[in-house]
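Start counting the sequence shown at 1; every next residue gets the next number (the UniProt record's numbering). Worksheet: the structure to be examined is printed underneath.
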Amino acid sequence: MLTELSIRNFAIIDQITLTFKEGLTVLSGETGAGKSIIIDAIQLLAGGRASVDFIRHGEDKAEIEGLFLIESTSHQIYLVGKQYGIEINDGEVVLQRVITTSGKSICRVNGKLVTLAILKEFGRTLIDIHSQHETQSLMEPENHIELLDLYNRDEIEQVKEEYTELFQRLETLKRRYKELNENEQEMAQRLDLLEFQLNELEKANLVPDEDVQLEKERNQLVNYEKIYKGVHEAYNALYGEQKGLEWLSVAQRSLEEINHYDDVIAKKSESLSNHYYMMEDLTYELSNFLETLEYDPDRLNEIEGRLAEISRLKKKYGTSVSEMIEYMGSIEEEIEQIKNKDSHLQRLANEINELEEDAFIEAQQLHAIRKQAASNLIREVQEELKDLYLEKASFSVQFIPENVVENVPLHKNGFDQIRFLISTNLGEPLKEISKVASGGELSRIMLVLKKLFAKHQGVTSVIFDEVDTGVSGRVAQAIAEKIFQISNDSQVLCITHLPQVAAMADTHLFIEKNELENRTVTQVSELTELEQINELTRMMTGTKVTETAKEHAKELHKLAQGFKRATVNS
């Protein structure tokens with residue numbers, strides 16, 4: 001869950017640090033106080049689109065940082081971390097984003113710089129933001145198949161992975177078949193280019209690791225004088241006039257003469273003898289090495305020329321001789337395929353047919369699993385809609401095609417296309433959700449889907465940004481109860497103007513806008529129980545607070561606490 005959020009120089013926020021708790025946290029306050037700004041900051045932290053307009057006037061950058069605690073060791077975040085080489089220790093993940101006036105974003109995960117795309121990968125496993133705008137995106141039909149698979153992820157995941165692997169191989173073979181089956185002129189031009197490249201590489205007579213060996217030999221020749229001088233001085237110090245080895249021999253004989261008097265001397269004598277023989281061997285090796293040293297300017301010129309030729313080829317065919325040799329092999333294979341195009345096309349066609357049959361079988365399994373999942377989803381959605389006073393509504397999952405037939409086109413998710421359909425009034429035909437639902441109905445429908453998917457999605461924090469717009473009365477109370485139920489499975493942060501929702505809060509944060517040193521700033525405070533009741537009164541009546549409204553607020557708060565206890569104990 002999101003435990004701490006730090007925001008600096010963001011919109012009208014100068015600097016605030018918020019600590020969030022488990023359960024349902026409600027954010028309320030007057031319009032324009034900065035409630036949605038806090039959600040905007042969290043959205044950017046999860047990889048949302050940034051704008052320089054978010055930076056506080058007069059500042060050069062805005063900074064947002066969030067600390068998340070992950071309780072489950074099997075959470076998807078660990079797979080994402082492993083994929084991008086980011087360690088997650090003690091279940092802690094820190095996301096950071098900096099927006100500069102130049103329009104650039106600097107993103108970090110656990111202190112490591114990442115791209116915005118990678119930050120978004122982490123964000124999507126941690127945060128699920130549900131706003132009016134985001135509701136519209138969830139209504140796009142192309143997203144429905146992913147939502148259905150998410151609902152039944154445990155059962156469908158392995159089958160989907162197997163299908164995806166087959167489908168990717170199938171797409172690769174189809175691309176290769178298309179390339180080989182291009183028009184004759186393009187293939188002839190490709191063949192000429194490949195044969196030219198192969199001829200150039202063959203003439204070079206490349207030897208594996210030749211560049212490495214030549215560099216080593218060149219380094220020795222270029223530094224011949226330094227090498228010879230150093231080795232010669234070392235040899236003379238040991239065996240020449242300075243007689244270093246001879247003095248070691250004297251020390252060795254001296255200790256040998258007295259080693260029988262003391263155990264310590266005996267050990268030191270033996271150690272010195274071993275070292276003496278090692279130094280003697282080293283001296284002979286230095287002598288032999290000196291005899292092999294020879295400065296050959298012709299050889300140096302030959303090496304320089306060869307390295308220049310290899311360097312020229314590297315610019316075209318690879319960063320090393322080994323890579324160029326490997327490229328030669330791929331050229332030979334492609335030339336052989338082009339020259340024997342017909343036989344290769346036939347072989348590819350056979351492989352494509354076999355893979356299509358295997359992929360179709362996996363797609364049928366996906367279809368069967370989705371059918372069962374759809375049946376369960378329909379039943380659950382119908383029950384949840386009744387709780388939100390949409391008892392006359394009908395929900396359905398449409399499969400396209402309805403019946404499985406051979407040769408149906410395959411795509412990345414199998415052959416299924418999924419549409420969520422609904423009828424909100426008795427006797428009306430089922431239609432796509434976005435085409436039949438009013439604002440209040442859409443909020444309730446999406447809240448139902450969010451509740452059902454939240455259990456399977458695995459996100460640590462679900463955020464609702466004024467999703468209760470357009471509802472009131474008993475519907476508002478039903479929405480409040482549904483949001484609280486979601487908070488039993490995930491941490492929930494909720495911006496609301498409804499007192500029914502605010503009364504359900506485990507933590508109530510009040511957002512207000514004040515002036516400080518001729519600048520507007522946003523301030524956040526956690527309300528006590530008494531302050532929460534006063535805020536509920538304000539939400540009910542507006543600016544004028546009456547004793548009757550206070551009594552109603554107390555009653556609403558009491559009823560909410562009773563519902564929460566009953567829900568937790570059930």
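Just so it is clear, CB atoms sit at the ideal spot from N, CA and C, and this is done for glycine as well.
- Residue pairing from DSSP places N514 in a beta bridge opposite V521.
- In this structure, the alpha-carbon of E323 lies about 16 angstroms from that of K203.
- One thing to note: Q365 has its Cβ within 7 angstroms of the Cβ of V159.
- Listed as beta-bridge partners of K61 by DSSP are T100.
- When only Cα atoms are considered, L248 and I265 end up about 16 angstroms apart.
- The Cβ-Cβ distance between G23 and D465 does not fall below 7 angstroms.
- When L113, G91 and L559 are compared, the shortest CA-CA separation from S72 is found for G91.
- Between the alpha carbons of L272 and A308 lies a distance of about 50 angstroms.
- For T25, the uninterrupted beta strand (DSSP E) run begins and ends at L24 to S28, by DSSP.
- Between the segment 553 to 564 and the segment 56 to 69 there are fewer than three inter-stretch CB-CB distances shorter than 8 angstroms, so the stretches are not counted as touching.
- For E4, the uninterrupted beta strand (DSSP E) run begins and ends at L2 to F10, by DSSP.
- Looking at the DSSP output, Q220 shares a beta bridge with no other residue.
- Using a C-beta cut-off of 8 angstroms, the segment 491 to 504 makes contact with the segment 11 to 28, since at least three inter-stretch Cβ pairs fall below that distance.
- Just so you know, the alpha carbons of L238 and K268 end up roughly 21 angstroms apart.
- Counting only the Cα atoms, V93 lies some 24 angstroms from L509.
- Taking C-beta atoms as the reference points, N413 and I64 fail to come closer than 7 angstroms.
- D128 is positioned such that its CB atom lies closer than 7 angstroms to that of V462.
- For E333, the closest C-alpha among the options L191, R519 and M540 is that of L191.
- Judged by beta-carbon spacing, I118 lies beyond the 7 angstroms limit of Y78, meaning their Cβ atoms are not closer than that value.
- A distance below 7 angstroms separates the beta carbons of Q417 and I400.
- Every alpha helix (DSSP H) stretch that sits fully inside the segment 157 to 222 and reaches 4 residues is listed by chain position as 184 to 203 and 210 to 222.
- Burial is judged here by how many other beta carbons sit within 10 angstroms of a residue's own beta carbon; R444 has at least 16 and is buried.
- K316 and Q189 have their C-alpha atoms roughly 18 angstroms apart.
- The beta-carbon separation of I331 and L148, rounded to 46 angstroms, does not stay under the 8 angstroms limit for a contact.
- Counting the other Cβ atoms within 10 Å of the Cβ of T522 gives 16 or more, which makes it buried.
- Here E142 carries a helix assignment [DSSP, helix/strand/coil].
- Contact fails between the segment 100 to 120 and the segment 24 to 38, because fewer than three Cβ pairs, one in each stretch, are under 8 angstroms apart.
- Under DSSP, S105 shares a beta bridge with I99.
- The shortest CA-to-CA distance from N353 to any of L166, E200, E481 and T460 is the one to L166.
- In the DSSP assignment, G66 forms a beta bridge with L5 and L95.
- By DSSP's assignment, R419 forms a beta bridge with Q398.
- Taking a C-beta distance under 7 angstroms as the contact criterion, A480 and V501 qualify as a contact pair.
- Excluding residues up to 5 positions away in sequence, L173, R176, Y177 and L180 lie with their Cβ nearer than 8 angstroms to the Cβ of L348 in the same chain.
- Judged by their CB atoms, L452 and E380 are nearer to each other than the 7 angstroms cut-off.
- It is roughly 49 angstroms from the alpha-carbon of R306 to the alpha-carbon of G103.
- DSSP places I13 inside the beta strand (DSSP E), whose first and last residues are I13 to T19.
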